[in-house]
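J.:
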Amino acid sequence: AGARSARHKAVGIGGLMRKQREDNARAGESIDLAFKDLSALMDKAREMVALSNKLKEALEENARNTRENTEKEDQGIEKFLLTLGIASPVTKSTAGSMFHKQLAQQLADFLTVPLKRSHGAMALVDVYCIFNRARGIELVSPEDLIDAAKLFPSMGIQMQLRTFESGTLAIQSSEHSDKEVYKRMAAMTKDDQGTLVGIGVSDVSRQLDVPVILAREYLLMAEDNHILCRDDGPNGLRFYHNFFQQEVTLGDFFMSS
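Taking our numbering, the leading residue of the sequence shown gets 180, the next gets one more, and so forth.
(1) Is the beta carbon of N311 sitting closer than 7 Å to the one on L303?
(2) Between the alpha carbons of G275 and L399, how many angstroms are there, rounded?
(3) Tell me whether the segment 351-360 and the segment 328-341 touch, counting them as touching only if at least three CB pairs, one residue from each stretch, are closer than 8 Å.
(4) Excluding the five sequence neighbours on either side, which residues of its own chain have a C-beta within less than 6 Å of the C-beta of F418, listed in chain order?
(5) Based on DSSP bridge pairs, tell me the residues matched to K369.
(6) Is it true that the CB of E396 sits closer than 7 Å to the CB of F331?
(7) Buried or exposed, going by whether 16 or more other CB atoms sit within 10 Å of the CB of N421?
(8) Go ahead and label H279 buried or exposed: buried means 16 or more other beta carbons lie within 10 angstroms of its beta carbon, across all protein chains shown.
(9) Pick helix, strand or coil for H279, following the three-state DSSP scheme.
(10) Would L416 be called buried (16 or more neighbouring beta carbons within 10 Å of its own) or exposed?
(11) How long is the line joining the alpha carbons of P293 and G346, rounded to whole angstroms?
(12) Name the DSSP bridge partner or partners of S352?
(13) Give every residue of the same chain whose Cβ lies closer than 6 Å to the Cβ of D326, excluding the five residues on either side of it in the sequence, and list them in chain order.
(14) If you drop the 5 nearest sequence neighbours on each side, which residues of the same chain put their C-beta closer than 6 Å to that of L286?
(15) Only counting the same chain, and skipping five residues up and downstream in sequence, which positions put a Cβ closer than 7 Å to that of L393?
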């Protein structure tokens, strides 16, 4: 009876060990297959990035030779190129101590088209998303992105990292003008018949084609600079043309007289 029990025990342990080996073998095969699929995907990604570079070169060559392309067609091609990714993204392992400088240059090159479409300004959170999407698996941290953007002025790049009073971060091109934004928002406070209307964050976001986070910052800046004044009423927060500034200017004039 004791021998039979020992034999059953040995068979049980042996069976468990065989099952474990079989499970390990199946897991190994699954991992090998997964890596083969990943390798094939990476090869295809390299082909797509190479294709995007050829398309970009063709687009630039076509722009030099002819001006017949419509703006809509150009925007469509640019949007397509953005989805294909960045060839040879800068990494810390390849760039070493020059990582942030090289990253800043690559970031500036990448943002040329998106900034143009966004009227010269983009929230940093949006930049982070589209830049990392284009980099594929070579993601950068928010800290590295900020450090790279801070180098724009010292490198002579016509962009800058801007911090709004609320703490919101954005990247702006040198062509961006706050005065132009104020002018456009002031024009929005009148309808086609010249009637005064209030504007909100969604209105500014839609008409200026900027994200809500920047639309809010622009409205607050216009208020701080006495371009607009707020009305927080039953219909929510709205901003109107500021007539009080004109009254203050006239009052100061009479008092000084």
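Built from N, CA and C at the ideal position, the CB exists for glycine as well.
Small disclaimer: the values here were computed from a predicted structure and weren't measured.
T.: Quick look at the numbers:
(1) no
(2) About 41 Å.
(3) yes
(4) I378, L398, L407, R409
(5) L375
(6) no
(7) buried
(8) buried
(9) helix
(10) exposed
(11) 22 Å
(12) M338
(13) H279
(14) A327
(15) A300, A302, A349
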